[in-house]
Every structure is written in structure tokens, then in C-alpha cells.
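Residue numbers 1 to 101, in full-length UniProt numbering, belong to the letters of the sequence shown in order. Report on the structure given below.
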Amino acid sequence: MRRFGSKTRGRAPESHGGELNFSEATPAAQAQRNAQIERGWSLHASLFPLGVRKRVYGLAVPDDLDAKIERQVDAFLNGTPAALQCVASGSCAAPAKRRRG
């Protein structure tokens, strides 16, 4: 996995975070930068499978594909600033620990 990460570093999903930082006009601490990168990858991960379904497997994709992509991008653009603010303020809730049964 580390090798894959080194090959993809600096590519499109990571660069989305820099654009967000520029649009917000705030310097990013390392934790915020990492969160920006992860948000970019989450956008990529939400859209990439659609292309795989259609182009690789020949399966159907939603009829309203453009609308689906718009919703994903909208969620990314509108949700990311709030998520980054949470990271910057340190007020993000810690994930609940799983109980082993």
C-alpha cells in the first residue's frame, strides 16, 4: 500500500485539498493538510467505482449520472470546510470504540 501511495502522491485527489485551502485563504497545519488529502480521496472514491462499473464490468450506472456526480461534488465542496474546521479546532468527536463480544 505504501508503494501505491508514493505513486499517487501529488495526483488529482490530493490536489483538491490545496484548492480548498486556497479558497478558504487559511494556512493549513499538518493535521488539516492530511484531512484535506483524505477528503480529496473520499471524493475520488465516491466517483471512481461508477466508471469501473460502466467501463470495466459493463454494468449499468444511474440514469441521472450527471446529477449524482453533481451531488457528490457539492457534498465535497460544502462539507469539507466544516470538516477541516473541526480538525483545526480539535473539536472532532473521537470514534466510538467497538466492543468485542
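Using N, Cα and C, we set each Cβ at its ideal position, and we do this for glycine too.
> Roughly how many whole angstroms lie between the Cα atoms of Glu70 and Ser89?
Replying inline: Indexing the sequence shown from 1 puts residue 70 at position 70. Indexing the sequence shown from 1 puts residue 89 at position 89. Roughly 29 Å between the two C-alpha positions.
> For Leu47, which residues from the same chain have a beta carbon less than 8 Å from its beta carbon, with the 5 sequence-adjacent residues on both sides left out?
Replying inline: Translated into positions along the sequence shown, residue 47 becomes position 47. Closer than 8 Å at the Cβ level, and outside the excluded window around Leu47, lie Ile69 and Gln72.
> Where Ala60 and Arg98 are concerned, what is the direct C-alpha to C-alpha distance, given to the nearest angstrom?
Replying inline: The sequence position of residue 60 within the sequence shown is 60, counting from 1. The sequence position of residue 98 within the sequence shown is 98, counting from 1. Distance from the CA atom of Ala60 to the CA atom of Arg98, rounded to whole angstroms, is 36 Å.
> To the nearest angstrom, how far is it from the Cα of Thr80 to the Cα of Ser91?
Replying inline: Position 80 of the sequence shown, counted from the first residue, corresponds to residue 80. Position 91 of the sequence shown, counted from the first residue, corresponds to residue 91. Roughly 15 Å between the two C-alpha positions.
>> Assuming Gln32 and Val87 are in contact, meaning their beta carbons sit under 8 Å apart, how far apart are those beta carbons, in whole angstroms?
In response: On the sequence shown, residue 32 is found 32 positions in, with the first residue counted as 1. On the sequence shown, residue 87 is found 87 positions in, with the first residue counted as 1. About 5 Å separates the two Cβ atoms, so the contact holds.
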